[in-house]
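Asker:
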Amino acid sequence: MTVEQNVLQPGGAAKHQQTFLNQLREITGINDIQVLQQALKDSNGNLELAVAFLTAKNAKVPQQEEATYYQTALPGNDRYISVGSQADTNVIDLTGDDKDDLQRAIALSLEESNRAFRETGITDEEQAISRVLEASIAENKASLKRTHPEVWSDSPNPYDRKRQDNCPVGLKNVGNTCWFSAVIQSLFNLLEFRRLVLNFSAPANAQDLPRNQKEHRNLPFMRELRYLFALLVGSKRKYVDPSRAVEILKDAFKSNDSQQQDVSEFTHKLLDWLEDAFQIKAEEERDGEKPKNPMVELFYGRFLAVGVLEGKKFENTEMFGQYPLQVNGFKDLHECLEAAMIEGEIESLHSENSAKSGQEHWFTELPPVLTFELSRFEFNQALGRPEKIHNKLEFPPILYLDRYMHKNREITRIKRDEIKRLREYLTVLQQRLERYLSYGSGPKRFPLVDVLQYALEFASSKPVCTSPVDDLDASAPSSGTLPVQTTPSTMEQQGPSSSDVPSTSPVQRSVIHKPFTQSRIPPDLPMHPAPRHITEEELSVLEGCLHRWRTEVENDTRDLQESISRIHRTIELMYSDKTMVQVPYRLHAVLVHEGQANAGHYWAYIYDHHQNRWMKYNDISVTKSTWEELERDSFGGYRNASAYCLMYINDKEQYLMQEEFNKETGQILVGMDTLPSDLRDYVKEDNKRFEKELEEWDAELAQKAQQEKLLSQIPRAPAPSPAPVQAGEPEYLEQPSRTDLSKHLKEDSVQAINKALAEQEDRGPEAIMDTVMLTPNMQGIIMAIGKARNVYDRCGPEAGFFKAIKLEYTRLLKLAQEDPPPECDYRLRHAIVYFIQNQAPKKIIERTLLEQFGDHNLSFDERCRNIMKVAQAKLEMIKPDEVNMEEYERWHQDYRNFRETTMFLMVGLEFFQKKSYMEALLYLIYAYQNNKELLSKGPYRGHDEELISHYRRECLLKLNEHAAALFESGDDQEVNNGLIIMNELIVPCLPLLLVDEMEEKDIVAVEDMRNRWCSYLGQEMEPNLQEKLTDFLPKLLDCSTEIKGFNDPPKLPSYSTHELCERYARIMLSLSRTPADGR
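To convert, count from 1 in the sequence shown and add 187; that's my numbering.
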């Protein structure tokens, strides 16, 4: 059977058996081919069931070592083969019998902790906030494990979903489908692949299809893929919905929404489906010739496997798609490839008499699109579960594959032998260098140069003698050590202190009695290690020898290091000659996985070949990126993110990324012009639907503006005029600007703070800083920095920062746990108190604290400025994807809503007390509605609902009485004003009171207002009044609870945090002194 026949044969199950065997081998670490085949057979080809079967079986049975690496080269195997070496699955276990290891680990941990305290003066407890902050920067993210389907919710504003200029279109995540987005975007940005998909046409006899289940699935998928690609080309939306294509795939995977697919498995299946779909078309269009499948020509290559098995040579040609590579134990992509291309003992390949077994792989034909599948998962036999390999693996933007080509095998073998020889010599040199750098025969070793230098320093030292007591007095015991015990009589006998006595004078020491011997006064000891007896001649000879030896060792060490560097450089340049850089492949896409083996998130970095820049495709988000960011997220070793799939394209095949041209004009075709007519019509229809959304949104905004204009024409009492504060930063994060705080004022503030700290250490910042006009946030931060000054002075700005931020967090946590009276609401003073009470995620609280410490206005003195810079540096280290900024913004938006609700309530109550009920009503209505929405998320998100409900209800009753009095006056102007109040204010509010049937007082109030107006029906009145009443009553008596369009919220004045807290406390205190009927 030829290679083409093998590739294009219809038997899909047999064709991929070897692929599944390879995947089972990589996941489970089992090499026994018979066991793997039996498991695959028992599971009816279901990979997940096979893994479950093997892991359940092998969790109890140790893995048997089988030398089956050569099986893939035997005749009869399919085109998919296993390349690379087996991953090491050994696990170090400290729970075993080796107690010494465990004790050493504990001792090292304690020693590390104690050393950290000695160096920084900060306890483990004080470093807790540091560890929490750093965890969001450099450690693993447990939050990356998406156990629930992640579905993007569309913004109600269509302009938020509008595509900007020619920015690439994203793909919506419709439930753990980041794997789909990453692969599809990588393939879509291959222009040749895009053309093939867009120009695919169903077979002419499609009405007779499907002839089998495969065609029933593949052709609909191709149709949906064409539609999806067309939208990615010409849509006016920022992102599009791939649900229909995804559903077809999920049916094939037989998975649910909570399962996340493997990129490698999905890519295999996707290319198989496309291959089958194009094969149907190719067979229809063939004209007596063997059909060509464009998917095979684009993604599949061939290699030759040559080797020896039990002394017999063999040679086999195989076809491959995605080429799997082992990651564990290798530092870069070339090392992975070298290990994959050589298996077993290959020295005997050219000898006739040998029984050794081994094989080499040589590429005979490379595909235009070469995909490497990086095996970053392995099965841990001890734990009985798969684990991700986080090792660092580097890969280049340009990969030269000449050394792996069959035509270059002779020169490559020569170079490999030379590299092997150089590495053996390199190992010898490194061992020799190590003897110089780690000299000694004991457990502790030092560089020989330093040893000789220390010996020289010792020999040159002059002895300076002193008694042991002098030595003790000169170095007073530090905290935690026991002082020398002396008796009172001894102290009296000593007389003057040792510092006043010459070093040569004897000193009376306390007598220590032993059972059989009397202690003697030890002889004088030198203050520093030094030779006791050495002549000038001896010293001269010794110094000369040590100097000479040190110079010789330095020269030897330098020569070894230079030799090692030269060998490294020679190895690096081994394949740089012109003959070995003729097959360049450029990196096109990197598919990144972040998380663990069982869960995580996928995104893709894709190279824009026309703009010469990298782009990051992360579901609906498409942003510009850099090679540095790609390195950080893709190489691995830094955190739980690493490349899982690399897509290279032949840099000499220009057609892969070449734009289309108009055959008549020669102009480049872009956008919609590249689409076939049917897809162009499809995209135009979708764009029309989106434009209609935009028009409806504009009309809705225009209607709201018109309503606001009409309402503004109603005469109203003047609103209170608090002193405005310039809008800028969010009010709860506001800080005095640099222009508002002169240098003199800053110095006065610092002096006042330091004075208050010295006088009243235990008082809170609110009490201490009454005279210093700073926001509560700034007060707390400066107080914390002041309390941390000892740590700052002793250990530097970073330690001072961690101490200060811990102190501030502890203070805010204490405030959050208190139960203050209504007039003293700490949530208004500090956003973090609000976050803590409502159990916000730690990352949200941490970032908010960092932003407050990193505020540019924190520049009162040098200490504040340095701590501010540390906080800013910590903020810059946090990558955008390490903190969910959408969640962060939602929490801060909730807090802004809370403050806004507070202002609505406060202003409404102020108007109510001034009997300006018309103005008060709108503020109280919005206070109640916003507060209800806040309380739906948690009991501490808003204010007392009963309080707001009471004053809203009272305000409506007062207005109703006022409107009724105006109606009773009989004056046309007064009657009209009264009906305006009812129609514009009262009637629209009634559904708000009736919507909640549990609020009995609200229902009673509505009935009272209706009864008041119905009482006029039996009274005599002017015909015009009767007509107006008849026209008005149906609106008032409407029992519908449908909330009709209401006016936009009234404009709120701006308040500083101090002003807001002061006014809120004042109004709440006045309410507590005023009896509230029925409340």
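Glycine included, each C-beta is placed from N, C-alpha and C at the ideal position.
Going by Cα to Cα distance, which pick from 1081, 833 and 971 is closest to residue 1014?
Answerer: 1081
Asker: Using 8 Å as the cut-off, can you tell me whether the stretch 1243 to 1254 makes contact with the stretch 1109 to 1118, which would need three or more C-beta pairs spanning the two stretches below that distance?
Answerer: no
Asker: Have a look at residue 779 and residue 584 and give me their C-alpha separation to the nearest angstrom.
Answerer: 16 Å
Asker: Have a look at residue 324 and residue 1057 and give me their C-alpha separation to the nearest angstrom.
Answerer: Any reading at residue 324 must be qualified, since the residue scores a pLDDT of 37, below 50, and its modelled position is unreliable; no value is offered.
Asker: For residue 716, which three-state DSSP category applies?
Answerer: coil
Asker: When we look at the beta-carbon of residue 343 and count the other beta-carbons within 10 Å, is it buried (16 or more) or exposed?
Answerer: exposed
Asker: What residue range does the beta strand (DSSP E) around residue 1053 cover?
Answerer: Looking at the DSSP string, residue 1053 is not in any beta strand (DSSP E); the run it does join, the alpha helix (DSSP H), is 1049 to 1064.
Asker: Which residues mark the beginning and the end of the alpha helix (DSSP H) in which residue 504 is found?
Answerer: Here residue 504 belongs to no alpha helix (DSSP H); instead the beta strand (DSSP E) covers 499 to 507.
Asker: I think residue 514 touches residue 580, with their Cβ atoms under 8 Å apart; what is that distance to the nearest whole Å?
Answerer: Rounded to whole angstroms, the Cβ separation of residue 514 and residue 580 is 5 Å, and the two are in contact under 8 Å.
Asker: Identify the continuous alpha helix (DSSP H) that holds residue 488 and give its terminal residues.
Answerer: No alpha helix (DSSP H) contains residue 488, which is instead part of the beta strand (DSSP E) from 488 to 496.
Asker: If you draw a straight line from the alpha carbon of residue 368 to that of residue 797, how long is it in whole angstroms?
Answerer: 22 Å
Asker: Classify residue 694 as helix, strand or coil using the three-state DSSP reduction.
Answerer: Note on residue 694: pLDDT 43, under 50, position unreliable in the model; no value is reported.
Asker: Can you give, in chain order, each stretch of the beta strand (DSSP E) that sits fully within the stretch 566 to 638 and has at least 3 residues?
Answerer: Every beta strand (DSSP E) stretch that sits fully inside the stretch 566 to 638 and reaches 3 residues is listed by chain position as 572 to 575 and 585 to 587.
Asker: Grouping DSSP H, G and I as helix and E and B as strand, with all else coil, what is residue 968?
Answerer: helix
Asker: Spatial neighbours of residue 485 within its chain, please: CB distance less than 6 Å, with the 5 preceding and 5 following residues excluded, ordered by chain position.
Answerer: 555 and 556
Asker: Take residue 1121 and list the residues in its own chain whose beta-carbon comes closer than 8 Å to its own, dropping the five residues that flank it on each side.
Answerer: 1081, 1084, 1085, 1088, 1128 and 1129
Asker: Can you look up residue 989 in the DSSP assignment and give me helix, strand or coil?
Answerer: helix
Asker: Out of 422, 1168 and 1051, state which residue places its alpha-carbon closest to the alpha-carbon of residue 985.
Answerer: For residue 985, the nearest C-alpha among the options comes from 1051.
Asker: Between which two residues does the beta strand (DSSP E) containing residue 773 stretch?
Answerer: 771 to 782
Asker: Restricting to runs no shorter than 3 residues, where is the beta strand (DSSP E) found entirely within the stretch 1134 to 1164?
Answerer: The stretch 1134 to 1164 contains no complete beta strand (DSSP E) run of 3 or more residues.
Asker: Would you call the stretch 742 to 753 and the stretch 557 to 571 in contact, with 3 or more CB pairs under 8 Å?
Answerer: no
Asker: For residue 738, count neighbouring C-beta atoms within 10 Å of its own C-beta (all shown protein chains included) and say buried if the count is 16 or more, exposed if not.
Answerer: exposed
Asker: Among 436, 600 and 381, which one has its Cα closest to the Cα of residue 417?
Answerer: 381
Asker: Would residue 1064 pass as a contact of residue 1041 if the rule is Cβ separation under 8 Å?
Answerer: no
Asker: To the nearest angstrom, report how far apart residue 860 and residue 833 are at their CA atoms.
Answerer: 31 Å
Asker: According to the neighbour-count rule (16 or more other Cβ atoms, all chains shown, within 10 Å of its Cβ), is residue 715 buried or exposed?
Answerer: Classification for residue 715: exposed.
Asker: Return the chain-ordered list of same chain residues with a C-beta closer than 6 Å to the C-beta of residue 1236, the five sequence neighbours on each side being excluded.
Answerer: These residues qualify, in order along the chain: 1113.
Asker: Based on the DSSP secondary-structure assignment, which residues constitute the bridge partners of residue 790?
Answerer: 779
Asker: Three or more C-beta pairs closer than 8 Å, one from the stretch 1142 to 1150 and one from the stretch 1014 to 1025: is that the case here?
Answerer: no
Asker: Cα separation between residue 319 and residue 1105?
Answerer: Because residue 319 sits at a pLDDT of 36, beneath the cut-off of 50, its placement in the model cannot be relied upon, and the following sentence gives the value as read from the coordinates. Approximately 51 Å between the Cα atoms of the pair.
Asker: Do the stretch 348 to 357 and the stretch 795 to 814 meet, that is, are 3 or more Cβ pairs less than 8 Å apart?
Answerer: yes
Asker: How long is the line joining the alpha carbons of residue 490 and residue 208, rounded to whole angstroms?
Answerer: 19 Å
Asker: DSSP state of residue 674, grouped into three classes?
Answerer: Model confidence at residue 674 stands at a pLDDT of 40, short of 50, so the residue's coordinates are unreliable; what they give is reported in the following sentence. The answer is coil: DSSP assigns residue 674 none of H, G, I, E or B.
Asker: In whole angstroms, what is the alpha-carbon distance linking residue 364 and residue 496?
Answerer: 45 Å
Asker: Residue 642 to residue 733, Cα distance in whole Å?
Answerer: 8 Å
Asker: Alpha carbon to alpha carbon, how far is residue 770 from residue 590? Give it in angstroms, no decimals.
Answerer: 9 Å
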